[in-house]
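Report on the structure given below.
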Amino acid sequence: MDVSELIDGLNDKQREAVAAPLQNMLVLAGAGSGKTRVLVHRIAWLMQVEHASPYSIFAVTFTNKAAKEMRSRVEETIKSSVGGMWIGTFHGLSHRILRAHYRDANLPEAFQILDTDDQVRMIRRLLKAMNIDEKKWPAKQIAWYISARKDEGTRPKDIQAYDINEQLLLKVYTAYQEACDRAGLVDFAEILLRCFELLQQHPTLLRHYQQRFRYMLVDEFQDTNSIQYQWLKLLAGTENTMMIVGDDDQSIYGWRGAKIENITRFVGDFNAETIRLEQNYRSTATILKASNALIENNAERMGKSLWTEGSEGEPISVYAAFNELDESRFVASKIRSWLNAGNKLDHSAILYRNNAQSRVLEEALLQEGLKYRIYGGMRFFERQEIKDALAYLRLISNRQDDAAFERVINTPARGIGDKTLSHIRDCARNESMPLWYAAKAIVEEKHLSGRAATAISRFVEVVEKLDDSITELELAEQAQLTIEQSGLLAMYQAEKGEKGRARVENLEELISACGQYDLPIDEDFSSPLQGFLAYTSLESGEGQADEHEDAVQMMTLHSAKGLEFPLVFMVGVEEGMFPSQQSHEESGRLEEERRLCYVGMTRAMEKLYISHAESRRLYGQEKHHSPSRFLRELPDDCVEEIRIKTQVSRPAASGRFSPSVTHAVFEDSGYTLGQRVLHAKFGAGTVLNYEGSGAQSRIQVNFDDVGSKWLVTAYARLQAM
Ligand code: ATP
Ligand code: MG
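Numbering-wise, our numbering puts 336 at position 336 of the sequence shown, and it's gapless, one number per residue.
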């Protein structure tokens, strides 16, 4: 093919990066400037012009979805297949290396990934066995501590525990690691650390990969943590070249150990050339101007400017909702109009700060009859019934999997009580053996009451019989038989109501997911089941259920990184939500929240809506929030405020996000501007504004103690003073 095709459709700076000589390079640029596009074209360039074989290319992306997209974009560009190219996430690629060299990594062949839930459950069990009070030492926090140590590359032996607290954490970390090793389990952080150590401790292996991966490319580099950086550095060796692209303003994983400094560190360590891109191709001029203005409020920046030739576009609409229900209804109705105007749902996205915010939005979309797809969050493979079925499959393929054993030993209920279980655990600990074998030993040695022993034998028999009978079957049949014979199906069928039905449907969905699963041809799994189990742990949630159906995209701001949509809603933009409460307490966190806001806004191509609610019920609590400070940081001329039914254009004199007072007396309301009123909870205040009528009406009062609030007039029960 013609080389010019590779660099057509690129601007000068992009071309400079794509066609650069073989050297280490940093492409530093703001959102939507074509960094990912440069990476794709660079890969094509390497193959076409530098005659690089696909085998010599190693590309790291942020999600599996991004990896898939990148592969197909390269194939489109060079019009041939790139099967041997390694492209994936840090976790996916490390996992692949570990699988190929499980022995050198001291892992059983069928080692399994321990997800966050199982990890916490395992720690809880250890705490109990160690007589540590979980109220004082929540398992979740300990899991967090352990992952953070692993992300830094720190093993228990490297830790000097100076005080008793740290000594305790260290003790649990050590016990946890031993338990994982015994059971052949790796948690997410372990995948990377274990792979790093594998390469570090096996020079021949390292040399093999270094000689293979001549060209390394990394997207979203601003979010690499310590171990990822060291891992890349190790693989690069002294001879390979690496191109990294990133944006310091989009670093949003500091809370999980990502280090923006890795960008400057890379330039020094790798003696890299820096190229900056400054033209934005994604968003309207208005969205770009507002995002630039927002991020300028951060002090710690490498500094960049972005411009666009694009049209000005519509102003950003800010909607002040009464509460989260009102907010959701607003979003759903706007999406409905967008669909009716002939647009695709796929092109719209709702972004939120926390997963828990999705539920009300889902309900509103359902009511409006709009399909949606959630990325992350309560993913399909994370649902209870699915995890139960997967645990049986995991135990069938690896008896050492203690987490799977724990999950299903008494699911469905077999009359195996806590006492029997702790007996099994004690035995496993004393003999340093997996729970499965401990359970068998106990039965054989007749250490248990008749009933408990029979129950365990029955469980053992179910698993062993399944193992015997499914090996010859297709994957979908394996799943089906397991779901039936384990008793899970009967158990969930007996569960009454909508929930039970949904669970049975989900189990059926799992069987069809198995049917659709293709074992990757270029990866060496010992069986399709092995491949499928790895897939469910690594790729769950992406492109779930109905992949081809047109649907609204819903996700957290974090998982929206790198993506773009014509229509974007950012919801819950309130103080205490976004920026989050914690960000007030830790230094640097507020700037990270602002970067997250920048990431969110810059996902929008054509139209951006931002909403906030005065009161919000979340995690069972009603909270009152004021609009986020980020809203005040947007330039006035980029924003329009929307109020219920009436669109109020702001009078020049009044400050933004304060009311626009249009009437001195509010007709029919019985209130007048400036009137003093008393509220049972908020105390005394002054009436500022009023809108709507009847049950829909709202009144704004500036309370002496708590400031200005909009209240639903019918519920406010104000007393004239
Ligand atoms: P982010 O920081 O959000 O990851 P990015 O810098 O990676 O953004 P891309 O996703 O590569 O940006 O590009 C943003 C959009 O601009 C894409 O739709 C891309 O196709 C388009 N684009 C990039 N460069 C050009 C160009 N030279 N001409 C036309 N469109 C372009
Ligand atoms: Mg990108």
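Built from N, CA and C at the ideal position, the CB exists for glycine as well. Since the structure is predicted, the reported quantities are computational estimates derived from the model, not experimental observations.
According to DSSP, residues forming a beta bridge with residue i
i, result
"S611", "Y319"
"K79", "Beta-bridge pairing links K79 to no other residue."
"H679", "G683"
"N225", "A258"
"H624", "S615"
"S251", "S251 pairs with nothing; no bridge assigned."
"I244", "L26, V218"
"D187", "L114"
"I350", "M554, F569"
"T698", "Looking at the sequence provided, one finds Arg at residue 698 rather than Thr. DSSP, once it has assigned bridges, lists E691, V712 as partnering R698."
"W307", "Q279"
"W86", "F58"
Pair within 8 Å by beta-carbon distance, residue i and residue j
i, j, result
"I442", "L448", "yes"
"S697", "T713", "yes"
"W739", "C195", "Nothing can be reported for residue 739, as the shown portion of the chain is limited to 1 through 721."
"M216", "L199", "no"
"V552", "Y372", "yes"
"L168", "P156", "no"
"V18", "V3", "no"
"S361", "S328", "Looking at the sequence shown, residue 361 is not Ser but Leu. In this structure, S328 lies closer than 8 Å to L361 by Cβ."
"N298", "R617", "no"
"G30", "D247", "yes"
"N64", "G83", "no"
"V186", "I142", "no"
"M601", "S337", "no"
"M555", "R353", "no"
"S432", "R182", "yes"
"L596", "L557", "yes"
"A680", "R717", "yes"
"G685", "D704", "yes"
"V27", "I275", "yes"
"A285", "E314", "no"
"A604", "S283", "yes"
"S626", "G707", "yes"
"A613", "D326", "yes"
"A341", "E368", "no"
"D151", "N262", "no"
Inter-residue CB distance, residue i and residue j (contact presumed, cutoff 8 Å)
i, j, result
"E388", "R407", "One detail in the question is off: residue 388 reads as Asp in this sequence, not Glu. That pair is a contact at about 7 Å."
"R394", "A404", "4 Å"
"S611", "V639", "The Cβ separation is near 13 Å, so there is no contact."
"M70", "T61", "6 Å"
"M721", "V687", "M721 to V687, Cβ: 11 Å. No contact."
"T241", "N24", "6 Å"
"A438", "A428", "4 Å"
"I335", "L608", "With 8 Å as the limit, I335 and L608 do not qualify as a contact, their Cβ atoms being about 14 Å apart."
"H202", "D104", "6 Å"
"Q48", "L6", "6 Å"
Cβ-based neighbour list, residue i, same chain, cut-off 7 Å, excluding 5 preceding and 5 following
i, result
"T411", "D388"
"F330", "Y319, A321, S611"
"L711", "R698, I699, V701"
"P659", "Only weak support exists for where P659 lies, its pLDDT of 38 falling under 50; the value from the coordinates is given anyway. Contacts found: L688, N689, Q700."
"L192", "F90, H91, S94, I227, Q228, W231"
"Q719", "V677, L678"
"D12", "none"
"S305", "E278"
Proximal residues to residue i (C-beta, below 6 Å), its chain only, five neighbours per side dropped
i, result
"F58", "W86, F213, M216"
"A67", "T61, I87, G88"
"G254", "E592"
"A206", "It should be pointed out that residue 206 corresponds to Leu in this sequence rather than to Ala. L199, listed in sequence order."
"I295", "D249, Y598"
"L746", "Lying outside 1 to 721, the shown extent of the chain, residue 746 is not represented and no answer is given."
"R399", "W436"
"A20", "none"
"K140", "V120"
"D346", "D550"
"P579", "L590, E593"
Own chain partners of residue i with C-beta closer than 8 Å, once the 5 adjacent residues on each side are dropped
i, result
"L507", "E385, I386, A389, I483, L488, L489, Y492"
"Y102", "P108, E109, F111"
"V267", "L26, T274"
"R125", "E406, R425"
Residue-level contact to chain B via CB, residue i, 8 Å cutoff
i, result
"G254", "The chain inventory of the structure shown lacks chain B, comprising one protein chain alone."
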